[in-house]
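Numbering (UniProt numbering), first residue to last: 1 to 402.
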């Protein structure tokens, strides 16, 4: 999916642009469009027929978010929740110049669900997608930066984009652009790094921290923003420090009578603690690094979702399971095997000891069946696979590579 967003090879993009610098990829260099992901008709369908609720929809005008009461309401008998989109209200605000923001389309719209799953596979970091629908000659938001990387995919219409270099490089999630309003206001007076009009099929990659703003031109503009929330070395360090909670010396209280109002005293204790942390990390056993690494995997999993399980199809699969039915690990599910225990992010599933090799074979991600699992006969394999289906661990197989 990444190859649809950049006019370079994946290796070139990773080397020269990922997390470093913007990349403009125009449709005349790499001919394509993005209408298959979200067409104008699809936008109307989502607003008029799909029962979208806040926070999956927002509206903004000239840099300010509209109160949700401006575009939501009850949907009548059987759907009285007051936070559902009111299509007539949306029309009124849109006609008055407000931008429609459809949020979390990777949870709502099948083409985008599949696309974002592919993007997560390609970039190796959590991703999500919003759509921005801006009426002619209007803008939704002031110049700002995002705390995640973005791929802007122009679907229809055209939009004028200006991009300026960061005032705060590689911001973390807790370091929003509003902390740097004055610096951003000054930076946007400089000559932009990119000053361009995105037309259908054009794409723009912006690393987090790069300042940008956009304005629709003479027609309605629809673009998708694929946001990628990179895991960072700071995440690694934080996980390592969390694991140092097992170090006795670091759990010890600071000296009694320490005057926290005296900078020299506090700095001296901080220096001493830093030396202790460095020593503890240098002497850290492999188990500590392994635990910190597992925590990083847990962070990734909490920010992504494996492919959805279809309950009715899964029940049919469960009841009709044959020895040659091909199954595979649910794509995107993080699972770790320790003996005959299958560790998922939210639970651990225990199996009899003789199932260890079979469980390991399932977790490799390849196709398996009851007549191919190692260490078990077909009858026992069917018992194991039925449980894995019920637990949402395996699904019907589609390919040898998962």
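For glycine and all other residues, C-beta sits at the position ideal for the given N, C-alpha and C.
Next on the checklist: If contact is defined by three or more beta carbon pairs under 8 Å, each pair taking one atom from either stretch, is the region 342 to 359 in contact with the region 320 to 332?
Outcome noted: no
Next on the checklist: Could you give the first and the last residue of the continuous beta strand (DSSP E) run that contains residue 130?
Outcome noted: Mapped onto the chain shown, residue 130 falls at position 130. Where residue 130 is concerned, the enclosing beta strand (DSSP E) stretches over 127 to 134.
Item to check | Outcome for residue 133 when other beta-carbon atoms lying within 10 angstroms are tallied against a minimum of 16 | outcome: For the purposes of this step, residue 133 is taken as the residue at position 133 of the chain shown. Under this definition residue 133 is a buried residue.
Checklist entry - Given a threshold of 16 other Cβ atoms within 10 Å of its Cβ, counted over all protein chains shown, does residue 34 qualify as buried or as exposed? => result The residue you call residue 34 lines up with position 34 of the chain shown. Looking at its Cβ environment, which holds 16 or more other Cβ atoms inside 10 Å, residue 34 is buried.
Item to check | Nearest neighbour of residue 108, chosen from 130, 90 and 126 [CA to CA] | outcome: Looking up residue 108 in the chain shown gives position 108. The residue with the shortest Cα to Cα distance from residue 108 is 130.
Next on the checklist: Which same chain residues end up closer than 7 Å to residue 266 when comparing Cβ atoms and leaving out the 5 residues on each side of it in sequence?
Outcome noted: As a working note, residue 266 is residue 266 in the chain shown. For residue 266, where only same-chain residues beyond five positions count, the Cβ hits under 7 Å are 260.
Checklist entry - Quick one: is residue 234 buried, meaning 16 or more other Cβ sit within 10 Å of its Cβ, or exposed? => result Taking the first residue of the chain shown as position 1, residue 234 is located at position 234. So residue 234 ends up on the exposed side.
Checklist entry - Roughly how many angstroms lie between the CA atoms of residue 288 and residue 354, to the nearest whole one? => result Counting from one through the chain shown, the residue named residue 288 turns up at place 288. Counting from one through the chain shown, the residue named residue 354 turns up at place 354. So the alpha carbons of these two residues sit roughly 29 Å apart.
Checklist entry - What separation, rounded to the nearest whole angstrom, lies between the Cα atoms of residue 119 and residue 149? => result Residue numbering aside, residue 119 sits at position 119 when the chain shown is read from its first letter. Residue numbering aside, residue 149 sits at position 149 when the chain shown is read from its first letter. If I take the Cα positions, the gap works out to 13 Å.
Next on the checklist: Across the region 75 to 92 and the region 43 to 56, are there enough close Cβ pairs to call them in contact, namely three or more that are closer than 8 Å?
Outcome noted: yes
Next on the checklist: Here's the rule I'm using: 16 or more other beta-carbon atoms within 10 Å means buried, otherwise exposed. How should residue 12 be labelled?
Outcome noted: By 1-based counting over the chain shown, the position of residue 12 is 12. That one is exposed.
Checklist entry - Is residue 143 near the ligand GTP, going by C-beta to nearest heavy atom under 6 Å? => result This structure simply doesn't include the ligand GTP, nor any ligand for that matter.
Item to check | Residues near residue 193 in its chain [Cβ-Cβ closer than 7 Å; skip 5 each side] | outcome: Position 193 of the chain shown, counting from 1, holds the residue named residue 193. Correct list, in chain order: 22, 163, 164 and 165.
Checklist entry - For residue 273, which three-state DSSP category applies? => result Here residue 273 refers to the residue found at position 273 when the chain shown is read from its first residue. Reduced to three states, the DSSP call for residue 273 is helix.
Item to check | Cβ neighbours of residue 20 in the same chain (closer than 7 Å, five flanking residues each side left out) | outcome: The residue labelled residue 20 in the question sits at position 20 within the chain shown. Once the five neighbours on either side are set aside, the close Cβ partners of residue 20 are 207.
Item to check | Identity of the residue in 254, 170, 214 and 314 nearest residue 135 by Cα | outcome: As a first step, residue 135 must be located in the chain shown, where it is residue number 135. Selected option, being the one with the closest Cα: 214.
Item to check | Within the UniProt domain "JmjC" (98 to 245), ranges of the alpha helix (DSSP H) (whole runs, at least 4 residues) | outcome: 110 to 123, 181 to 187 and 233 to 243
Next on the checklist: Closest to residue 223 by C-alpha separation, out of 231, 229, 199 and 238, would be which residue?
Outcome noted: Here residue 223 corresponds to residue number 223 of the chain shown, with the count starting at 1. When each option's Cα is compared against that of residue 223, the closest is 199.
Next on the checklist: Less than 7 Å between the beta carbons of residue 103 and residue 151, yes or no?
Outcome noted: In the chain shown, residue 103 corresponds to position 103, counting from 1. In the chain shown, residue 151 corresponds to position 151, counting from 1. No.
Next on the checklist: Here's the rule: buried if 16 or more other CB atoms are within 10 angstroms of the residue's CB, otherwise exposed. What is residue 339?
Outcome noted: Taking the first residue of the chain shown as 1, we reach residue 339 at position 339. With fewer than 16 Cβ atoms within 10 Å of its Cβ, residue 339 is classed as exposed.
Item to check | Inter-stretch contact at 8 Å, needing at least 3 Cβ pairs: the region 36 to 46 / the region 61 to 76 | outcome: no
Checklist entry - What are the complete alpha helix (DSSP H) segments, minimum 4 residues, inside the region 38 to 76? => result 40 to 49
Next on the checklist: Could you compute how far the alpha carbon of residue 178 sits from the alpha carbon of residue 77?
Outcome noted: As a first step, residue 178 is located in the chain shown; it is residue number 178 there, counting from the start. As a first step, residue 77 is located in the chain shown; it is residue number 77 there, counting from the start. Those two C-alpha atoms are separated by around 42 Å.
Next on the checklist: As a quick exercise: from 390, 216, 174 and 290, pick the residue whose alpha carbon is nearest that of residue 316.
Outcome noted: Position 316 of the chain shown holds residue 316. Residue 390 is the option with its Cα nearest to residue 316.
Item to check | Residues near residue 190 in its chain [Cβ-Cβ closer than 7 Å; skip 5 each side] | outcome: Locating residue 190 in the chain shown gives position 190, counting from the first residue. So the qualifying residues of the chain are 164.
Next on the checklist: Rounding to the nearest angstrom, what Cα-Cα distance links residue 73 and residue 308 in this structure?
Outcome noted: Taking the first residue of the chain shown as 1, we reach residue 73 at position 73. Taking the first residue of the chain shown as 1, we reach residue 308 at position 308. Rounded to whole angstroms, residue 73 to residue 308 spans 29 Å at the Cα level.
Checklist entry - What's the gap between the Cα of residue 402 and the Cα of residue 367? => result Taking the chain shown and counting its residues from 1, the one referred to as residue 402 is at position 402. Taking the chain shown and counting its residues from 1, the one referred to as residue 367 is at position 367. The predicted model places residue 402 with a pLDDT of 42, which falls under 50 and marks its position as unreliable; any figure quoted below should be read in that light. C-alpha separation (whole angstroms): 7 Å.
Item to check | Counted within 10 angstroms of its Cβ, other Cβ atoms place residue 273 as buried (16 or more) or exposed | outcome: Numbered from its first residue, the chain shown carries residue 273 at position 273. Counting Cβ neighbours within 10 Å, residue 273 comes out exposed, since fewer than 16 surround it.
Next on the checklist: Taking its Cβ as the centre, do 16 or more other Cβ atoms sit within 10 Å of residue 357, making it buried, or is it exposed?
Outcome noted: Position 357 of the chain shown holds residue 357. By the 10 Å Cβ count, residue 357 comes out exposed.
Item to check | CA-to-CA distance, residue 279 to residue 291, given in whole angstroms | outcome: Translated into the one-based positions of the chain shown, residue 291 becomes position 291. Translated into the one-based positions of the chain shown, residue 279 becomes position 279. So the two alpha carbons sit approximately 18 Å from each other.
Item to check | Distance between residue 41 and residue 205 (C-alpha atoms, nearest Å) | outcome: Position 205 of the chain shown holds residue 205. Position 41 of the chain shown holds residue 41. About 26 Å.
Item to check | CA-to-CA distance, residue 344 to residue 318, given in whole angstroms | outcome: Counting from one through the chain shown, the residue named residue 318 turns up at place 318. Counting from one through the chain shown, the residue named residue 344 turns up at place 344. Taking the straight line joining both Cα atoms gives about 21 Å.
Checklist entry - Can you tell me whether DSSP reads residue 20 as helix, strand or coil? => result As a working mapping, residue 20 is identified with position 20 in the chain shown. Coil.
Checklist entry - Just the Cα atoms here: how many angstroms apart are residue 370 and residue 3? => result If you number the chain shown from 1, residue 370 lands on position 370. If you number the chain shown from 1, residue 3 lands on position 3. Computed Cα separation, rounded: 37 Å.
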